[in-house]
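To keep things clear, I will list the structure first and then write my remarks on it.
Protein chains in written order, with the working numbering: chain A, 1 to 229; chain B, 1 to 362.
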């Protein structure tokens, strides 16, 4: 699998949330704001890259029979490290994301990449795959979070300075002043609503792209056919 | 008996003039008296809110049909979106601002109905989904009730003032803000005043003429019930769901009220308040989201009524019809799975009937 394909798969074609529909628990639970989605996505990305690198480098020594427990131990160790680091250096964000950081262990996307990609690829390719899958996950969670936050509270990237440091306070926007808010959008059902609508939007984009590619190919074929004569 | 006489002629056996649009229009016709009474009771803002809710429901349906690449007009004219918008409007506080009706109407026909595939495919009653969405999202606007002031009375806002209230431009005077009976009873109980003291002499007692605070279609309970009886007489709906749902509310209310009248509201208040009548006759009887068999419908209705009573009495919200109906909508596939009709030629367990025994019976 070449580099371009790995990047495209992670960000769009096999996006963890929008195509594989994995990692639904964090995708529903923490996406009440763009900042939470971004923080969760980045934490998961770190774990994905680390887990993919480690598992790819030990792939020749792990027999298929015991691979799942081994992967889980590697992933759990990494998650514990991320959890402790966040607690130490980004304590405010840690208090928001709290429980869900530890739950990255059971995010099936991480185990999924380990088993389906890292266990049969080189270390470099695995690292790139983890990074792109993680970034795709981050983009998806941030998008869901931003939409829910915008409609639900009328803000964008609320409390972003907690995650990225005070220099990023400019990201925090109050889009609608005097906004009463839509409580439902920050409650769990809206996570499903927004995810469903984004899935539909992604498929619409893909269908449009496929249709235009088809018509382009057809036009090319006609051109070639007429060119022959 | 000559067996040949029992052989049916080839299909079609007979045709009825019934159609989806005919059923929907009959339902609407029976809602007209209660709606007009609501307009009279709550004035111009209620009329404006009703108009925008119905229009938003129609618009949402049309937009989804267009997106799906279908012609909008044939489906719109079946009247189901009209019924959804109308029922939603009847369940709203009559002086709610315009965007409550607009958001609710759009939500009902798009996210609660068309995303599932349109009429016949929706799991949940669209009007109730929209009402619950509005209630959870905008708790303040959805619980501001006003004391009734008939449109002919001097205190009622005129056309112009009504429009301003509807557009949310002038705040509602505090003097007319009021609570519905169920809400009042719940607040007083939580403050430690028992019902024997709080309801006596207050303006919140049940009134059969409907002159009390509530949603647009709430106070006209008797007119709603009358409309429901007409639907029963016309066989648009069967008796199973309405009767069992009313029983589901009335039986626990009777028992609890007999045990402790200071803590539990009486049966009349329960049946004529909130969405009990609208729910029993118009919401729970939705063909699409209720069970198919008669036994299933009885279970469904009883559970709807009982859940309504439980939520009203012990839940966080003063009214529970919408929640109860949605919960039971979710249970409908389960009910349909366990309460199936008997297969012709087989007993209830699915074993073939013994021809000799059956012949002896007939």
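A virtual CB, placed ideally from N, CA and C, is assigned to each residue, including glycine. Source: prediction; values computed, not measured.
- The three-state secondary structure of residue 36 of chain B, taken from DSSP, is helix.
- Here residue 314 of chain B is exposed. Its C-beta has fewer than 16 other C-beta atoms within 10 Å.
- Between the beta-carbon of residue 6 of chain A and that of residue 125 of chain A there is about 6 angstroms, and that keeps the pair under the 8 angstroms contact cut.
- In terms of Cα proximity to residue 195 of chain A, the closest of A/151, A/167, A/143 is A/143.
- For residue 184 of chain A, the residues of chain B that pass the 7 angstroms Cβ criterion are 133, 136, 137, in the order they occur in the chain.
- With a cutoff of 7 angstroms on beta-carbon distance, residue 74 of chain A and residue 51 of chain A are scored as near each other.
- Of all residues in the region 56-78 of chain B, none is placed with a Cβ closer than 8 angstroms to any Cβ belonging to chain A.
- Taking a cut-off of 8 angstroms for Cβ pairs, the region 34-42 of chain B and the region 54-66 of chain B do not touch, as fewer than three such pairs fall below it.
- Chain order gives the chain B residues near residue 193 of chain A as 111, where near means a beta carbon separation below 8 angstroms.
- Under the three-pair Cβ rule at 8 angstroms, the region 156-169 of chain B does not count as touching the region 220-240 of chain B.
- By the neighbour-count definition (other C-beta atoms within 10 Å, threshold 16), residue 14 of chain A is a buried residue.
- What residue 187 of chain A touches in chain B, judged by beta-carbon distance under 8 angstroms, is 136, going in chain order.
- For residue 66 of chain B, the enclosing alpha helix (DSSP H) covers residues 44-67.
- In the three-state scheme derived from DSSP, where H, G and I count as helix and E and B as strand, residue 352 of chain B is classed as strand.
- Going by DSSP, residue 94 of chain A is part of the alpha helix (DSSP H) stretching over 91-97.
- Short of 6 angstroms from the beta carbon of residue 93 of chain A, and not among the five residues preceding or following it, lie these beta carbons of its own chain, in chain order: 39, 162, 163.
- Residue state for residue 155 of chain A is assigned as strand, using DSSP reduced to three classes.
- In this structure, DSSP gives residue 346 of chain B an extended state, which the three-state scheme calls strand.
- Where residue 4 of chain A is concerned, the enclosing alpha helix (DSSP H) starts and stops at 3-8.
- DSSP, reduced to helix, strand and coil, places residue 174 of chain A within a strand of the structure shown.
- Here the region 216-223 of chain B lies against the region 41-51 of chain B, with 3 or more beta-carbon pairs under 8 angstroms apart.
- Residue 34 of chain A places its beta carbon less than 7 angstroms from that of residue 146 of chain A.
- The DSSP-derived three-state label of residue 23 of chain B is helix.
- Within the region 66-151 of chain B, the runs of alpha helix (DSSP H) that reach at least 4 residues and sit entirely inside it are, in chain order, 72-76, 80-90, 98-109, 126-137.
- Taken in chain order, the unbroken stretches of alpha helix (DSSP H) that lie wholly in the region 23-67 of chain A and span 4 residues or more are 24-29, 34-57.
- For residue 340 of chain B, no alpha helix (DSSP H) run applies, since DSSP gives it neither H nor E.
- Residue state for residue 297 of chain B is assigned as helix, using DSSP reduced to three classes.
- Counting the other CB atoms within 10 Å of its CB gives residue 329 of chain B a total of 16 or more, which places it among the buried residues.
- A contact between stretches requires three or more CB pairs, one per stretch, nearer than 8 angstroms, and the region 113-133 of chain B meets this requirement with the region 69-80 of chain B.
- The C-alpha of residue 307 of chain B lies about 8 angstroms from the C-alpha of residue 321 of chain B.
- DSSP places residue 257 of chain B inside the alpha helix (DSSP H), whose first and last residues are 240-259.
- In the DSSP assignment, residue 162 of chain B falls within the unbroken alpha helix (DSSP H) covering 159-166.
- At least 7 angstroms separates the beta-carbon of residue 127 of chain B from that of residue 75 of chain B.
- A residue is called buried when at least 16 other Cβ atoms come within 10 angstroms of its Cβ; residue 21 of chain A does not meet this threshold and is exposed.
- Straight across, the Cα-Cα distance linking residue 224 of chain B with residue 32 of chain B is about 9 angstroms.
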